[in-house]
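Visitor: Below you will find the structure I want to go over with you.
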């Protein structure tokens with residue numbers, strides 16, 4: 009099995025200015041190609057340190073994939089240092105220069121002279137065209153070691169990897185890794201792990217628990233000579249997990265709870281509406297993240313004040329006054345209002361204290377009421393995250409609202 | 009200056025199942041402490057490979073900070089391997105076991121037996137209490153080398169770093185790094201870099217350009233004996249950059265465009281409303297990301313169908329029919345509708361084709377109309393990202409809408 013390392017180059021990564029999403033993307037795609045990632049590293053835009061790391065990586069791995077540092081500015085040195093490492097010279101590649109020029113022409117922007125640097129390439133490399141930017145990627149080889157260079161911006165790196173780098177790398181794939189994630193909602197990682205403790209000791213497929221965004225997942229990963237074989241190893245284990253986690257299981261490889269909800273609504277030909285206070289549009293945003301959401305979603309209201317809750321959603325002013333905006337009756341009326349004005353089949357509402365501070369009522373930060381309304385009636389679920397973390401609370405409240413909608417559609421009782 | 013490495017442990021990182029946000033957080037905080045991060049690495053939950061990496065890191069660095077692999081399950085081995093590396097034994101730490109037990113008690117959940125493992129600690133370590141989970145962190149030292157262990161979940165790692173690890177690390181700070189980011193909107197990285205080309209060659213402070221989320225930024229970083237000195241090095245350079253980028257500059261260290269907009273609205277005591285189609289609540293979500301947004305935001309409507317655009321926002325059915333939902337008149341009427349029903353001082357709207365596919369009209373994916381309305385009138389800005397990337401298009405359209413609101417408040421003309 010070919011062994012690979014991922015190196016991210018950029019002082020902005022070492023200083024913590026940006027999150028390194030490239031490594032995650034590359035790692036996940038390489039796993040799919042059956043290429044084992046031994047290590048991920050990040051170094052600054054520093055010639056000496058990058059040369060050292062290249063030397064170490066070439067000792068361990070057949071393939072080194074670097075991202076970042078292909079930009080036009082003087083601190084972008086990845087290509088130059090990698091060519092120095094392999095003893096290759098850079099020369100102007102006219103067709104690439106033409107492409108860069110026409111890229112700027114298409115955007116009606118003059119090309120900055122420094123962009124010429126991006127058309128300097130080693131003579132015998134394989135060029136990876138950049139469909140979303142100016143810096144081409146490339147692959148070069150020496151003594152059986154391969155170096156691939158990709159641009160840092162994710163929207164340039166991702167299509168370039170899929171279109172050019174993955175086909176280049178297919179020569180290294182002899183084994184295939186297939187990996188599935190079993191998603192759950194409403195159970196902690198430890199409790200989930202105990203329910204499947206014996207499966208965690210399996211060798212092929214492996215079963216690994218982890219927590220992500222407030223949810224517990226199990227990753228089932230098989231290694232085999234073909235996709236078919238790998239799938240056959242995974243299937244019975246996934247079925248076993250589904251049975252053991254029945255109450256909490258919501259999907260395999262379904263990405264996230266919003267994807268599961270949109271798929272379920274499509275399947276049932278139903279529409280959903282949202283009425284949000286503390287989540288401020290996050291539920292609507294997550295539903296509409298999913299391509300084709302317009303089939304299942306027409307209408308969302310962000311009612312961030314009492315007045316708007318009353319005026320647009322028809323929430324009783326008396327209820328707002330008596331119980332406060334963060335209350336069971338208001339959550340119920342928000343959901344009912346959204347159902348009424350949207351004409352949807354189901355509506356969810358959220359009203360809560362996202363934090364970091366409480367409102368004037370001194371209700372606890374993390375308290376949230378979730379309403380679900382459809383023609384059969386309205387239910388309100390109360391949760392309390394117990395945390396003061398605004399981002400976390402908004403995410404978890406939105407997730408719980410989506411899950412509550414899912415359970416209502418499936419006619420299951422919600423879990424607090 | 010003390011030199012540090014960050015090691016992330018977890019097969020889920022090497023397989024690309026999760027994005028490594030811990031490294032970014034740690035790197036940014038270490039920079040603030042004046043500790044230089046030489047390298048970031050990620051390895052799997054693998055004893056041999058982790059031992060090798062620890063050996064390499066200890067050659068180069070004084071401090072090794074590891075995150076991940078402190079969980080209760082059998083694949084969590086970071087603590088065990090680090091103790092092996094330092095030749096230290098683990099023993100049950102009763103006060104920690106009591107804390108873990110009371111953590112579960114507080115959540116009304118029985119403690120799983122496997123959680124006992126998390127109370128096994130080396131005798132002479134410094135314990136970092138975990139206020140958001142069960143696994144304590146720790147620091148241990150041998151022959152002048154320090155190993156710090158932190159849990160993987162960001163919401164456990166972040167507070168633990170700030171409360172316990174940062175104070176522990178303060179002994180290594182002799183110099184201070186101060187770093188400021190100068191944010192721009194509407195200019196590309198290359199063009200921005202050309203405007204400040206001479207500044208990019210400075211040594212202290214350094215000025216580095218980069219692109220992030222469709223925006224170009226400049227990072228100004230100074231190293232000095234005290235915060236004051238470092239700030240004095242940065243200040244004139246930042247002023248110079250602001251002057252050169254005047255049209256595009258929107259703030260220093262202001263985080264992002266929504267933070268700038270919320271701050272501006274607060275300063276002017278104004279309220280904003282939103283009417284969103286293709287961004288599906290993303291603008292409202294981004295505004296309400298900012299704590300205290302309720303001072304400036306009451307009302308957002310996600311009108312994802314023509315019917316809801318008409319019914320809730322009062323968009324003319326004739327306009328929808330004649331020009332289609334993705335059109336200048338509809339964007340204008342959406343903004344005017346939001347202004348009217350919300351009673352806000354300014355309203356923004358977005359209607360466009362997020363992709364990946366077009367709608368029935370075959371308008372190009374990436375086309376978007378942004379409306380801005382206030383009592384002085386309504387303007388519509390047309391943009392076309394030229395990309396088929398749904399997430400990118402939604403992000404950029406939302407950003408442009410926020411920037412259009414900002415420019416209107418400042419009485420500047422919008423830039424397409």
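Chains as they are written, first to last, in my numbering: chain A, 9 to 424; chain B, 9 to 424. Where is the CB? At the ideal position from N, CA and C, for every residue including glycine.
(1) Run through chain B and tell me which residues come within less than 7 Å of residue 397(A), C-beta to C-beta.
(2) Taking only beta-carbon atoms, is residue 411(B) less than 9 Å away from chain A?
(3) For chain B, find out if any of its Cβ atoms is closer than 9 Å to the Cβ of residue 286(A); answer yes or no.
(4) I need the DSSP call for residue 404(A), collapsed to helix, strand or coil.
(5) With a threshold of 8 Å, are at least 3 pairs of Cβ atoms found where one atom belongs to the region 336-347 of chain B and the other to the region 384-400 of chain B?
(6) Determine the contact status of residue 58(A) and residue 85(A), defining contact as a CB-CB distance below 9 Å.
(7) From residue 318(A) to residue 344(A), what does the alpha carbon distance come to, in whole angstroms?
(8) Can you give, in chain order, each stretch of the beta strand (DSSP E) that sits fully within the region 98-123 of chain B and has at least 3 residues?
(9) Assuming contact is defined by CB atoms lying nearer than 9 Å, are residue 274(B) and residue 306(B) in contact in what I supplied?
(10) Pull up the distance between the alpha-carbon of residue 351(A) and that of residue 334(A), whole angstroms please.
(11) What are the partner residues of residue 282(B), as DSSP defines its beta bridges?
(12) Counting only Cβ-Cβ distances shorter than 8 Å, please list the residues of the region 28-51 of chain A near chain C, keeping chain order.
(13) Give a yes or no on contact between the region 116-124 of chain A and the region 150-159 of chain A, applying the rule of three or more CB pairs nearer than 8 Å.
(14) For residue 323(B), I'd like the list of residues in its chain whose CB is within less than 7 Å of its CB, leaving aside the five on either flank, ordered along the chain.
(15) Note down the Cα distance separating residue 53(B) from residue 160(B), rounded to an integer number of angstroms.
(16) Counting pairs of Cβ atoms below 8 Å between the region 250-257 of chain B and the region 247-267 of chain A, do you hit three or more?
(17) Identify whether residue 137(B) lies in helix, strand or coil by the three-state DSSP scheme.
(18) Determine, using beta carbons only, whether residue 79(B) comes closer than 9 Å to chain A.
(19) Quick one: what does DSSP say residue 424(A) is sitting in, helix, strand or coil?
(20) Please list the residues of the region 122-141 of chain A that have a C-beta atom closer than 8 Å to any C-beta atom in chain B, keeping them in chain order.
(21) Mind checking the region 184-205 of chain B against chain A and listing, in chain order, the residues whose C-beta falls within less than 9 Å of any C-beta there?
(22) Does the beta-carbon of residue 244(B) have 16 or more other beta-carbons within 10 angstroms, so that it is buried, or is it exposed?
(23) Return the Cβ separation of residue 98(B) and residue 130(B) in integer angstroms, given the expectation that the two are a contact with Cβ distance under 8 Å.
(24) Taking the alpha carbon of residue 266(A) as the point to measure from, which residue in 404(A), 107(A), 79(A) and 125(A) has its own alpha carbon closest?
(25) Since residue 245(B) is in the alpha helix (DSSP H), which residue starts that stretch and which ends it?
(26) From which residue to which residue does the beta strand (DSSP E) around residue 377(A) run?
(27) Can we say the region 14-24 of chain A touches the region 36-55 of chain B, given the rule of at least three CB pairs closer than 8 Å?
(28) Going by beta carbon distance, what residues of the same chain come within less than 6 Å of residue 5(B), once the five residues before and after it are set aside?
(29) So is residue 419(B) in contact with chain A if we call contact Cβ pairs under 9 Å?
(30) Helix, strand or coil: how does DSSP classify residue 148(A) here?
(31) Who are the near neighbours of residue 383(A) in its chain, counting only those whose CB is closer than 7 Å to its CB and skipping five residues on each side?
(32) Going by the beta-carbon positions, is the gap between residue 180(A) and residue 41(A) smaller than 9 Å?
(33) Figure out for me which residue from 101(B), 408(B) and 399(B) has the closest Cα to the Cα of residue 162(A).
(34) Please list the partners that residue 227(B) has in chain A, where partner means a Cβ-to-Cβ separation under 9 Å.
(35) Would you mind stating whether residue 380(B) and residue 416(B) have Cβ atoms separated by less than 9 Å?
(36) For residue 24(B), name the three-state secondary structure that DSSP assigns.
Guide: On the basis of the coordinates in this document:
(1) For the purposes of this step, residue 397(A) is taken as the residue at position 389 of the first chain. The contacting residues are 163.
(2) The count along the second chain starts at 1 and reaches residue 411(B) at position 403. Judged by the 9 Å Cβ criterion, residue 411(B) is not in contact with chain A.
(3) For the purposes of this step, residue 286(A) is taken as residue 278 along the first chain, with counting starting at 1. Yes, residue 286(A) counts as interfacial toward chain B.
(4) Along the first chain, one-based indexing puts residue 404(A) at 396. Helix, per DSSP.
(5) yes
(6) For the purposes of this step, residue 58(A) is taken as the residue at position 50 of the first chain. For the purposes of this step, residue 85(A) is taken as the residue at position 77 of the first chain. A contact, by the Cβ cut-off of 9 Å.
(7) Position 310 of the first chain holds residue 318(A). Position 336 of the first chain holds residue 344(A). Cα to Cα, the separation comes out at about 12 Å.
(8) 98-100
(9) Within the second chain, residue 274(B) is the residue found at index 266, counting from 1. Within the second chain, residue 306(B) is the residue found at index 298, counting from 1. Taking 9 Å as the Cβ cut-off, residue 274(B) and residue 306(B) do not qualify as a contacting pair.
(10) Translated into positions along the first chain, residue 351(A) becomes position 343. Translated into positions along the first chain, residue 334(A) becomes position 326. Cα-Cα distance, rounded: 25 Å.
(11) Locating residue 282(B) in the second chain gives position 274, counting from the first residue. According to DSSP, which records beta bridges pairwise, residue 282(B) is partnered with 308(B) and 356(B).
(12) The structure shown contains no chain C; its protein chains are A and B.
(13) no
(14) Here residue 323(B) refers to the residue found at position 315 when the second chain is read from its first residue. Closer than 7 Å at Cβ, skipping near neighbours: 317, 338, 341, 342 and 345.
(15) Along the second chain, one-based indexing puts residue 53(B) at 45. Along the second chain, one-based indexing puts residue 160(B) at 152. The straight-line gap from Cα to Cα measures roughly 12 Å.
(16) no
(17) The count along the second chain starts at 1 and reaches residue 137(B) at position 129. Residue 137(B) falls in the coil class under three-state DSSP.
(18) The residue given as residue 79(B) occupies position 71 in the second chain. Yes, contact with chain A.
(19) Position 416 of the first chain holds residue 424(A). Here the model assigns residue 424(A) a pLDDT of 45, short of 50, so the residue's position is not dependable, and the following value carries that caveat. Coil at residue 424(A), not helix or strand.
(20) 122, 123 and 140
(21) 185, 187, 189, 196, 197, 198, 199, 201, 202 and 205
(22) As a position in the second chain, residue 244(B) is number 236, starting the count at 1. So residue 244(B) counts as exposed.
(23) Residue mapping note: residue 98(B) aligns to position 90 of the second chain, counting from 1. Residue mapping note: residue 130(B) aligns to position 122 of the second chain, counting from 1. Residue 98(B) to residue 130(B), Cβ: 6 Å. Contact.
(24) In the first chain, counting from the first residue as 1, residue 266(A) sits at position 258. Looking at the Cα atoms, 404(A) is the closest of the given residues.
(25) By 1-based counting over the second chain, the position of residue 245(B) is 237. Element bounds for residue 245(B): 235-252.
(26) Here the question's residue 377(A) lines up with position 369 in the first chain. Residue 377(A) -> beta strand (DSSP E) spans 375-382.
(27) yes
(28) Missing from the structure shown is residue 5(B); chain B here goes from 9 to 424 and no further.
(29) By one-based count along the second chain, residue 419(B) stands at place 411. It does not: the Cβ of residue 419(B) has no partner Cβ on chain A nearer than 9 Å.
(30) Here residue 148(A) refers to the residue found at position 140 of the first chain. Residue 148(A): strand per DSSP, three-state reduction.
(31) Within the first chain, the letter at position 375 stands for residue 383(A). Closer than 7 Å at the Cβ level, and outside the excluded window around residue 383(A), lies no residue.
(32) The residue labelled residue 180(A) in the question sits at position 172 within the first chain. The residue labelled residue 41(A) in the question sits at position 33 within the first chain. Yes, the pair counts as a contact, with Cβ atoms nearer than the cut-off.
(33) Translated into the one-based positions of the first chain, residue 162(A) becomes position 154. Selected option, being the one with the closest Cα: 399(B).
(34) Within the second chain, the letter at position 219 stands for residue 227(B). Here the neighbours are 19, 20, 23 and 25.
(35) Position 372 of the second chain, counting from 1, holds the residue named residue 380(B). Position 408 of the second chain, counting from 1, holds the residue named residue 416(B). In this structure, residue 416(B) lies closer than 9 Å to residue 380(B) by Cβ.
(36) Counted from its first residue, the second chain places residue 24(B) at position 16. Coil at residue 24(B), not helix or strand.
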